[in-house]
Every structure is written in structure tokens, then in C-alpha cells.
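*Asks:*
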Amino acid sequence: MRTAIPAFNKLVAPLSKLMEKVYQQAGGRKKNQVRKILLGDAGWGDAEGECLEQCKEALKNALQLAHPTPGKRLSVYTDASDAHWGAAITQISPDTASRPLSEQDHEPLLMLSGTFSGSAKRWAIVEKEA
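By full-length UniProt numbering, the letter at position 25 of the sequence shown is numbered 25, and the numbering carries on one by one without gaps.
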């Protein structure tokens, strides 16, 4: 799922933050510990409900990923913000490589995203995008 939804980590960030609160209240990440915590007690609100609906919509619109084709050229695109990073790998036919980027027929192979944590949160944007 995370590889077929662009900006997955940014999309699910509110739910991930809520789950971290649940894990903390439960005293661990095991299913037997976590299932005792009510989401309402952990801070479930309108923002989390809206995030869940956006996640459902993103699942309905998830990208159809292609299989790598020998002879096609690979393109790698990366980006980062203060909190999150993302990457996409696509393939194009060699005969379309000379066209402008917007006119190339990109077939997505993989989408990746993540959230900076620990000391990486304090890195400069230039370092995050490296």
C-alpha cells in the first residue's frame, strides 16, 4: 500500500501520531496491550476521522504499478520537506526520453515516503534532500 500511494507518510501522519499515543498508554506495541486502549481516550477527534476518510479515498485511487521492462529507462525523483520525504521510480521508453518531462509516458514502478525522526528532524532541507 505504501508503495502505491504517493506521499503515504504525510497522508497517514495524524493516524501515526495517534497510534504512538496509544502505544505509550498501552505500555508497548503488542496487540494484547494495544487493544485495551480506546481510541477516544487516546485523542481520536475530527482530524483523525477526516484523515481516515482521506486514506480510504487514497486506497481507492492507488496507483497501478508497472513491472520493470528491460530496455526501458529508469527515472528517479526525490523530494523532502521539514517533516517528510518522498521518492518515485518510473520507467519510460527510450524513444520518449528526448521529449519534455511532462510529455514522457512514465510508468510508475515504486513510490516511497517516510517521516524524519530523531536527529534527522533537525537536518537542513539541503541535507534532507541529498
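Virtual Cβ for every residue (Gly too), placed ideally from N, Cα, C.
(1) State yes or no: is the C-beta of LEU112 within less than 7 angstroms of the C-beta of ALA83?
(2) From the DSSP output, in three-state form, read off ARG122 for me.
(3) Between the alpha carbons of GLU20 and GLY43, how many angstroms are there, rounded?
(4) Within its chain, find whatever has a CB closer than 7 angstroms to the CB of ALA26; leave out the 5 residues flanking it on each side and keep chain order.
(5) Can you tell which of TYR77, ILE89, SER81 and LEU74 has the C-alpha that lies nearest to the C-alpha of ILE125?
(6) Out of GLN24, LEU11 and HIS106, which one is the CA nearest neighbour of GLU50?
*Replies:* In short:
(1) Residue 112 sits at position 112 when you count from the first residue of the sequence shown. Residue 83 sits at position 83 when you count from the first residue of the sequence shown. No, the Cβ-Cβ distance between LEU112 and ALA83 is not below 7 angstroms.
(2) As a working note, residue 122 is residue 122 in the sequence shown. Residue state, collapsed to three classes: helix.
(3) Locating residue 20 in the sequence shown gives position 20, counting from the first residue. Locating residue 43 in the sequence shown gives position 43, counting from the first residue. When rounded, the distance between both Cα atoms is 11 angstroms.
(4) In the sequence shown, residue 26 corresponds to position 26, counting from 1. The residues are GLN33, VAL34, LYS36 and ILE37.
(5) Here residue 125 refers to the residue found at position 125 of the sequence shown. Measuring from the Cα of ILE125, the nearest candidate turns out to be SER81.
(6) Numbered from 1 along the sequence shown, position 50 holds the residue referred to as residue 50. The shortest C-alpha separation from GLU50 is found at LEU11.
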